[in-house]
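In my numbering, the protein residues as written are 1 to 101. Even for Gly, the Cβ is constructed at its ideal location relative to N, Cα and C. Below is one structure; the comments refer to it alone.
The structure is reproduced here in structure tokens:
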């Protein structure tokens, strides 16, 4: 939950996470003025992958990483991924939105 709280907070949302996959998928489809849809989807997929990867490390290697460290990696991934989206529709301002929150 801490990782979701950090990621959603950076996007500008105040909720702390999702309790069901249905709530998560509805949030992904919701168009709002809080965050650009492209950035929202990028953050959602990167956060989901980070949680899955952390789960595998804990299960297979018995290694646990603090949420702040995982978020630092997530932040770096998103900063690196945003420039690759620059030719897509609605990509203007993604980096500013991510960095200014």
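Checklist entry - The alpha helix (DSSP H) spanning residue 25 covers which residue range? => result 21 to 29
Checklist entry - If you draw a straight line from the alpha carbon of residue 102 to that of residue 28, how long is it in whole angstroms? => result With the chain represented from 1 up to 101, any question about residue 102 goes unanswered, as that position is not in the structure.
Item to check | Terminal residues of the alpha helix (DSSP H) in which residue 59 lies | outcome: Unbroken run through residue 59: none, as it is neither H nor E.
Next on the checklist: Let me check understanding here. Comparing Cα to Cα, which of 59, 99, 95, 50 lies closest to residue 2?
Outcome noted: 50
Item to check | Between the CA atoms of residue 31 and residue 72 - distance to the nearest angstrom | outcome: 27 Å
Item to check | Alpha carbon of residue 100 to alpha carbon of residue 19, nearest angstrom | outcome: 27 Å
Checklist entry - If we count the other Cβ atoms within 10 Å of its Cβ and call it buried at 16 or more, is residue 83 buried or exposed? => result exposed
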